[in-house]
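Read the structure below first, then the notes.
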Amino acid sequence: MLSGTFPLGLGCAALGNLYREITDDQAKETFDAAWDAGVRLYDVAPHYGLGVAERRLGELLTAVPRDEVIVSTKVGRLLEPLADGESVLDTQGFAVSTNLHLVFDFSDDGVVRSLESSLSRLDVDRIDVVLIHDPDDHVDQALGEAYPALERLRTEKMVRAIGVGTNSSAVAERFVRDSDIDVALIAGRWTLLDQSAGESLLPMCHERRVDVMVGGVLNSGILGNEHPDESSTYNYRPVQPEVLTRAQALAAACARHGISLPHAATAFAARHPAVTAVLVGARNASEVQAAADAINDDLDQATLDELAAIGRGETGPG
Numbered sequence: 002m003l004s005g006t007f008p009l010g011l012g013c014a015a016l017g018n019l020y021r022e023i024t025d026d027q028a029k030e031t032f033d034a035a036w037d038a039g040v041r042l043y044d045v046a047p048h049y050g051l052g053v054a055e056r057r058l059g060e061l062l063t064a065v066p067r068d069e070v071i072v073s074t075k076v077g078r079l080l081e082p083l084a085d086g087e088s089v090l091d092t093q094g095f096a097v098s099t100n101l102h103l104v105f106d107f108s109d110d111g112v113v114r115s116l117e118s119s120l121s122r123l124d125v126d127r128i129d130v131v132l133i134h135d136p137d138d139h140v141d142q143a144l145g146e147a148y149p150a151l152e153r154l155r156t157e158k159m160v161r162a163i164g165v166g167t168n169s170s171a172v173a174e175r176f177v178r179d180s181d182i183d184v185a186l187i188a189g190r191w192t193l194l195d196q197s198a199g200e201s202l203l204p205m206c207h208e209r210r211v212d213v214m215v216g217g218v219l220n221s222g223i224l225g226n227e228h229p230d231e232s233s234t235y236n237y238r239p240v241q242p243e244v245l246t247r248a249q250a251l252a253a254a255c256a257r258h259g260i261s262l263p264h265a266a267t268a269f270a271a272r273h274p275a276v277t278a279v280l281v282g283a284r285n286a287s288e289v290q291a292a293a294d295a296i297n298d299d300l301d302q303a304t305l306d307e308l309a310a311i312g313r314g315e316t317g318p319g
């Protein structure tokens, strides 16, 4: 499904005003830069800005050939109107005010309703990849109801590929093992600081020819900082001292090699043979270009191996 595409995708949470609001012009600048850099995979979700990201992406897609784009969205969260109908500020990290709220729903009906709503917001006639989104606390229902619904839609050619998107390697492994998914999106678990997906998930996907999209390669910010410090966040929480020590050792090693820490982190994530695409949550054209440069940089394997060992805490920066 994704093989042969440029191995960089745009994660579209920022289009949904993740952490802070962006303008439509800023969203267009980011999208245009991604398109010009060769990005053809765009990953979004109803969760991102309570529909804002899907609507923005749909508007931006009208300017490019639809057949050249791979659109990935997710199911498992329905957007439902608030009982009182009043708009409230979202509490899930997105700077939006809306009269909608999220409801987890991994039922067959919920999947169909979610997909229909996404088609409407994106204003497209098909969605290429549909992922079951964060089923960590609902794995049995997701495998028993959401997955069969997507399998049926794939058989009916309503969608081209199906899969799971999660922060948990164990959850992703269960879907790879117990279903016939095409794609696994794993976030934050194949990075210089957290290489746990490489223990069994990535080899399993490689063996079973399941495409892997890797997200969260900067671990929510710490690896995006040239000089990590106590204010850095790791996996959306304040960084722990032990992790900060490893991140600072990585930064020192990168400086010695004449590369930036975010550059090395992005390049590392893309190098595993199981990884088909790295998703970056770029907010502007310069971040897009930096990610594209990292993907295109043929860093030698010895350097990447050294950085990986430092990230695991096995050695210092030298």
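Residue numbers (my numbering): 2 to 319. Ideal Cβ positions, reconstructed from N, Cα and C, are used throughout, including at glycine. All values derive from a computational prediction rather than experimental measurement.
One thing to note: Leu11 has its Cβ no nearer than 9 Å to the Cβ of Thr24. If you look at Glu81, you'll find it in the beta strand (DSSP E) that goes 78–82.
For Phe176, the enclosing alpha helix (DSSP H) stretches over residues 170–179. Within the same chain, and ignoring the five residues on either side of Asp138 in sequence, no residue has its Cβ closer than 7 Å to its Cβ. With contact defined as three or more Cβ pairs closer than 8 Å, the segment 235–246 and the segment 267–286 are not in contact. Just measuring C-alpha positions, the residue of Glu152, Ser170, Lys75 sitting nearest Ser118 is Lys75. In this structure, the CA atom of Leu58 is about 8 Å from the CA atom of Tyr43. In this structure, Val184 lies near Ala162, with their beta-carbon atoms less than 9 Å apart. Under the three-state reduction of DSSP output, Val40 falls in the coil class, being neither helix nor strand. Straight across, the Cα-Cα distance linking Glu81 with Leu101 is about 5 Å. When DSSP states are grouped into helix, strand and coil, Phe107 belongs to the coil group. In the DSSP assignment, Gly166 is bridged to His134, Leu186. A direct Cα-to-Cα measurement between Gly166 and Glu208 gives close to 19 Å. Close CB contacts of Asp195 within its chain, under the 7 Å cut and outside five residues either way in sequence, are with Gly189, Asn220 (chain order). Contact between the segment 293–304 and the segment 46–62 is absent, with fewer than three C-beta pairs closer than 8 Å.
Taken atom to atom, the span from the alpha-carbon of Leu19 to that of Phe105 is near 20 Å.
With respect to Val172, Val125 sits apart: the two C-beta atoms are not nearer than 9 Å. For the set Thr316, Asp306, Glu307, Ser261, the Cα lying nearest the Cα of Ala295 is the one of Ser261. Beta-carbon to beta-carbon, Ile133 and Phe107 are separated by about 7 Å, close enough to satisfy the 8 Å threshold. Under the DSSP definition of a beta bridge, Gly10 partners with Leu42, Leu280.
Apart from the 5 residues on each side of it in sequence, Gly86 sits with its Cβ closer than 6 Å to the Cβ of Asn100 in its chain, given in chain order. The straight-line gap separating the alpha-carbon atoms of Met205 and Gly164 is approximately 15 Å. The beta carbon of Glu227 is closer than 8 Å to those of Ala252, Ser261, Leu262, Pro263 in its chain, skipping five residues each way along the sequence. Asp181 is positioned such that its CB atom lies no closer than 9 Å to that of Glu146. Each residue's CA atom was taken as its position, placing Gln290 and Ala38 some 7 Å apart. Val213 is the residue among Val213, Asp179, Ile311 whose C-alpha sits nearest the C-alpha of Ile187.
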